[in-house]
Structure formats: structure tokens, C-alpha cells
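> Structure below; questions to follow.
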Amino acid sequence: MIVHHAVKVRIYPNAAQEELLAKTLGCKRWIWNYWLEERETYFHEHGNTTGFKYTSAKILKGTRPWLKEPDS
73 MIVHHAVKVR
83 IYPNAAQEEL
93 LAKTLGCKRW
103 IWNYWLEERE
113 TYFHEHGNTT
123 GFKYTSAKIL
133 KGTRPWLKEP
143 DS
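Going by this note's numbering, the residue at position 71 of the sequence shown is 143; the numbering climbs one at a time, nothing skipped.
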């Protein structure tokens, strides 16, 4: 039998931490949506999905400097 446990922790970030958290989550959300759209488009065009290398090569920090701001 598998038992799953969860722990909820409430955080109280200061203003600077809130800003960094918002930037980090916004970038992660953008990358996920971009990656999902690329995979769906590729699937409809070619009939199979792409791998991580193909998609990650298209997301370049040099062309999107705002992706460098938050932590990875």
C-alpha cells in the first residue's frame, strides 16, 4: 500500500522576495506554455512529438533577456 503525505507551509515573503517570486513563476509559466505550444504544433505537422533538446534549443536566453532575471 502506498501512502502519500503532504505538508503545507505558509510563507511570508518581504516585498523584494514577492517580486522575485512573481518573476520566477511568470517565467516558468511562460516557458511551460511555450514548450506546450511547440510540442502540439510539431505533433500536428509531423505526427509525433519532440524531445527536450529540440524544444529547449528554441528557448534561448540571449533572445529573451528577461528569462535571465529570476533564478533557474
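C-beta: ideal position from N, C-alpha, C; glycine also.
Nearest by alpha-carbon distance to Glu-141: which of Ala-94, Arg-82, Asn-86, Val-75 is it?
By one-based count along the sequence shown, residue 141 stands at place 69. Closest in alpha carbon position to Glu-141, among Ala-94, Arg-82, Asn-86, Val-75, is Ala-94.
> Could you give the DSSP three-state label for Lys-80: helix, strand or coil?
Sequence index remark: in the sequence shown, residue 80 carries index 8 (1-based). Reduced to three states, the DSSP call for Lys-80 is coil.
> Between which two residues does the alpha helix (DSSP H) containing Trp-138 stretch?
Stepping through the sequence shown from its first residue, residue 138 is reached at position 66. Neither: Trp-138 is in no alpha helix (DSSP H) and is coded neither H nor E.
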